[in-house]
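Colleague: Just so we're aligned, residue 1077 is where the sequence shown starts under the numbering used here, counting upward by one. Below is a structure I'd like to ask you about.
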Amino acid sequence: MDCYAKAFFIIIYKCRIGLLAFVLACATGLSAQQADFGAPLKIPPELSGSFAELRGHHFHAGLDFKTLQKEGFPVYAIADGTLSRVVVSGTGYGKALYISHANGMMSVYAHLQRFIPFVEQVIREQQYAKKTFELDMTFPESLQFKKGDLIGYSGNSGSSGGPHLHFELRNKGGENALNPALWGYSVKDDIPPVISTFAIYPSDHHSLANGRSTPLLLPVKCRGKDCLLAQDTIRVFGQMAFGIEAIDKSNGSANKLGLFTMKVFINDELKFAWKLEDVLFSQTRYINAFFDYAHYDTTGKRIQWTYRLPGNRLNIYEKINNRGVYPFFENGVHHVRVEASDVAGNTAVLSVVLQVDDQMESLESKSFLSEELNHSRFFSHAISNTFETDEIKVTIPAKALYEPIYFDYFMESSLNPHIYSKIHHVHHSGTPVHTNYSLKIKPEGLPKTLENKALIGSLDTKENKWIAEGGRLKNGFVSLNIKKFSIFAVCIDTTEPTIKPIDVFNNNVPISQTQLTFRIDDDFSGIGNYVATLNGRWFLMEYDPKTKTLKGMIDAKLPKGEHEFKLTVSDKMSNSAVYKAKIVRQ
Ligand SMILES: [Zn+2]
């Protein structure tokens, strides 16, 4: 009866999604009121981002509610709870607020423009006490919110690509992100997902798809929910895995959203299924093993595998045999059906016919000599591996890789006067790395005076430019812990950041002016630190990296006359620029 007493529409909704979610909700023992969450915004819900949508190195942990491309919409507590955490940052969630509800549930509201005045005041005091704009604080007062209480205003703060409200529901002490659509936060959606590519992965050199052992990518056309390959029949022989590129759409929104479930049937038998009901934050980086990372690295497109790499520990797989690799040895026709569903239950169905052909000849002249040469560099993902020469040391801990690799490496000399080492090609950028590994590069021709300006850079081959990664010279090597393979070298940063005043003209600040704005930028290692003072006292400035602006509010009580303003901006290699002005308050 306890379950039955829940908010009626949520029960209806959960029954539609499936009995599992319903049973789960009941098992957590939520009372009617706690499950009866309210809306965080009063404007009609439209999504620009869905739960578990594929993002850079993580699954999207919540919903992105559109805010009519404007900031400043009131945001409300979805249920009674305690303000447990407030974050203020120029990156990530920007200004974000966390409310803890009963039974370990938590709601998160991110990219806010500002908080309610009481919270703003507590934050301001902390910022001045700690002399920092960025804060991550558990709230000192145990501030209680009631369902529907105003808690702040929607914005575009942090790493946000436009005004919206990022909203999350969590449990397990805030460590597990729940799919809010399963908790009543649904939008109108009767449009099925769209599948655009079907990929076949022969799993070894002896397996062939259309005569090749390399991945076979085939365009897909969908009419409504029915999707077909442009090509009729695919010839295969051997062990195969599959993948699809697919997105979802909802009514009245042009945004590309994520899938909720994917299933593979072979000859009408369910062989594989995953479901994105929740994602542990500790597992979210396994997304790099969830789709074809190498294809993403070269094309920017994500083919979601119906295959699990050995080191992928995501717990979303409901059905999987042999990690999703299927044998196709017996001559004849096999029907593969891939079903991709959104959280509203709309399903796209891709039907593929595979013809097993044991007479198929390989069309490839490719030799596998390079891998054979590298047999000495076989790195198992299960153990720690080291590669070392006089010039470089790479130490990859156990479980940093998702599968065994033949570690590829070569070194070349550089003629670039800004490079202070050999250029090291450390494996391939298309191979994902889950945790940090240790990279040490020996500098070459680095003057003593520049030793504290040396860092490791990686080469962005698309833009053909070096990107600062960080690191420090220690025991004769520039050392860095990093989570990617790339082309690396020792670079230096000796140039200080630039500071450009935006609204200070001839050092005058009229009485009507309420803020000071600067554009700050750094050419390589990036902005590391900034400190502003007004008449010698610390002055709060907010840094927004995406617009490269630094903004400070002038106290209305600042008296007329001359005031000393000083701004010091340093990059990550401690090169500093100073802007000083006598500001005349008129
Ligand atoms: Zn978001």
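All C-beta atoms in this analysis are idealised placements derived from N, C-alpha and C, irrespective of residue type, glycine included. Quick caveat: nothing in here was measured; it's all calculated off a predicted structure.
1. Would you say the beta carbon of Lys1354 is closer than 7 Å to some non-hydrogen atom of ligand 1?
2. Once the 5 residues before and after Ser1126 are set aside, which same chain residues still bring their CB inside 6 Å of it?
3. Ligand 1: which residues have Cβ under 5 Å from any of its heavy atoms, chain order?
4. For Phe1357, which option in Ala1253, Leu1258, Val1425 has the closest C-alpha, if you only look at C-alpha atoms?
5. Tell me Thr1423's beta-bridge partners as DSSP assigns them.
6. Nearest to Val1326 by alpha carbon, out of Ile1267, Pro1586, Asn1512, Ser1235?
7. Can you name the start and end residues of the beta strand (DSSP E) that Ile1320 belongs to?
8. Could you tell me the distance, in whole angstroms, from the CA atom of Phe1553 to the CA atom of Thr1511?
9. In whole angstroms, what is the alpha-carbon distance linking Gln1591 and Val1585?
10. Per DSSP, what kind of secondary structure is Gly1180 in: helix, strand or coil?
11. Could you have a look at Gly1234 and say whether DSSP puts it in helix, strand or coil?
12. Going by DSSP, name the residue or residues bridged to Ile1543.
13. Cα separation between Val1597 and Asn1540?
14. Whole angstroms are fine: how far does the CA of Phe1348 sit from the CA of His1282?
15. If you drop the 5 nearest sequence neighbours on each side, which residues of the same chain put their C-beta closer than 7 Å to that of Gln1589?
16. Cβ of Lys1658 within 8 Å of Cβ of Asn1583?
17. From what residue to what residue does the beta strand (DSSP E) around Gln1662 run?
18. Is the CB-CB distance between Glu1321 and Arg1378 below 8 Å?
19. Counting pairs of beta carbons, one from the segment 1186-1206 and one from the segment 1601-1616, are three or more of them closer than 8 Å?
20. Quick check: the segment 1215-1226 against the segment 1143-1161, are there 3 or more CB pairs under 8 Å?
21. Please list the terminal residues of the continuous beta strand (DSSP E) segment that includes Val1164.
22. Classify Leu1258 as helix, strand or coil using the three-state DSSP reduction.
23. Quick one: residues in its chain with C-beta nearer than 8 Å to the C-beta of His1503, no 5 flanking neighbours on either side, listed in chain order?
24. Kindly list the residues whose CB is nearer than 7 Å to the CB of Thr1104, restricted to its own chain and excluding five residues on each side of it in sequence; keep chain order.
Modeller: In brief:
1. Position 278 of the sequence shown, counting from 1, holds the residue named residue 1354. Residue identity check: residue 1354 is Asp in the sequence provided, not Lys. The answer is no for Asp1354.
2. The sequence position of residue 1126 within the sequence shown is 50, counting from 1. Result list for Ser1126: Leu1333, Gly1334, in chain order.
3. In chain order, the hits are Gly1125, Asp1140, His1242.
4. Counting from 1 along the sequence shown, the entry for residue 1357 is found at position 281. Nearest C-alpha to Phe1357: Ala1253.
5. Your numbering for residue 1423 matches position 347 in the sequence shown. Listed as beta-bridge partners of Thr1423 by DSSP are Ser1417.
6. Against the sequence shown, residue 1326 aligns to sequence position 250. This sequence places Ser at residue 1326; Val is not what is there. The shortest Cα separation from Ser1326 among Ile1267, Pro1586, Asn1512, Ser1235 belongs to Ile1267.
7. Here residue 1320 is taken as the residue at index 244 of the sequence shown, counted from 1. From DSSP, the beta strand (DSSP E) with Ile1320 extends over 1302-1323.
8. Taking the sequence shown and counting its residues from 1, one reaches residue 1553 at position 477. Taking the sequence shown and counting its residues from 1, one reaches residue 1511 at position 435. One Cα belongs to Phe1553, the other to Thr1511, and the distance between them is close to 21 Å.
9. Your numbering for residue 1591 matches position 515 in the sequence shown. Your numbering for residue 1585 matches position 509 in the sequence shown. The C-alpha of Gln1591 lies about 9 Å from the C-alpha of Val1585.
10. Taking the sequence shown and counting its residues from 1, the one referred to as residue 1180 is at position 104. Here Gly1180 sits in helix by DSSP.
11. Here the question's residue 1234 lines up with position 158 in the sequence shown. Coil, per DSSP.
12. For the purposes of this step, residue 1543 is taken as residue 467 along the sequence shown, with counting starting at 1. Ser1534, per the DSSP bridge assignment.
13. Taking the first residue of the sequence shown as 1, we reach residue 1597 at position 521. Taking the first residue of the sequence shown as 1, we reach residue 1540 at position 464. Before going on, a small fix: residue 1597 reads as Asp here, not Val. Distance between Asp1597 and Asn1540, taken at the CA atoms: about 21 Å.
14. Start at 1 with the first residue of the sequence shown, and residue 1282 comes out as number 206. Start at 1 with the first residue of the sequence shown, and residue 1348 comes out as number 272. When rounded, the distance between both Cα atoms is 24 Å.
15. Taking the first residue of the sequence shown as 1, we reach residue 1589 at position 513. The residues Asp1579, Ile1630, in chain order, have a CB closer than 7 Å to that of Gln1589 in the same chain once the five nearest residues on each side in sequence are set aside.
16. Start at 1 with the first residue of the sequence shown, and residue 1658 comes out as number 582. Start at 1 with the first residue of the sequence shown, and residue 1583 comes out as number 507. Their beta carbons are under 8 Å apart, which means Lys1658 touches Asn1583 by this criterion.
17. Here residue 1662 refers to the residue found at position 586 when the sequence shown is read from its first residue. Note, Gln1662: premise wrong, no beta strand (DSSP E); not H, not E.
18. Here residue 1321 refers to the residue found at position 245 when the sequence shown is read from its first residue. Here residue 1378 refers to the residue found at position 302 when the sequence shown is read from its first residue. Yes; because the gap between Cβ atoms is below 8 Å, this pair is in contact.
19. The segment 1186-1206 vs the segment 1601-1616: in contact.
20. As far as the Cβ criterion goes, the segment 1215-1226 touches the segment 1143-1161, which means the pair count is three or higher.
21. Mapped onto the sequence shown, residue 1164 falls at position 88. Going by DSSP, Val1164 is part of the beta strand (DSSP E) stretching over 1157-1164.
22. The residue you call residue 1258 lines up with position 182 of the sequence shown. Three-state result, Leu1258: helix.
23. Locating residue 1503 in the sequence shown gives position 427, counting from the first residue. The beta carbon of His1503 lies closer than 8 Å to those of Ile1481, Phe1483, Asp1484, Tyr1485, Phe1561 in the same chain, with the five residues before and after it left out.
24. The count along the sequence shown starts at 1 and reaches residue 1104 at position 28. Bear in mind that a pLDDT of 37 at Thr1104, under 50, signals an unreliable position, so the model cannot answer this.
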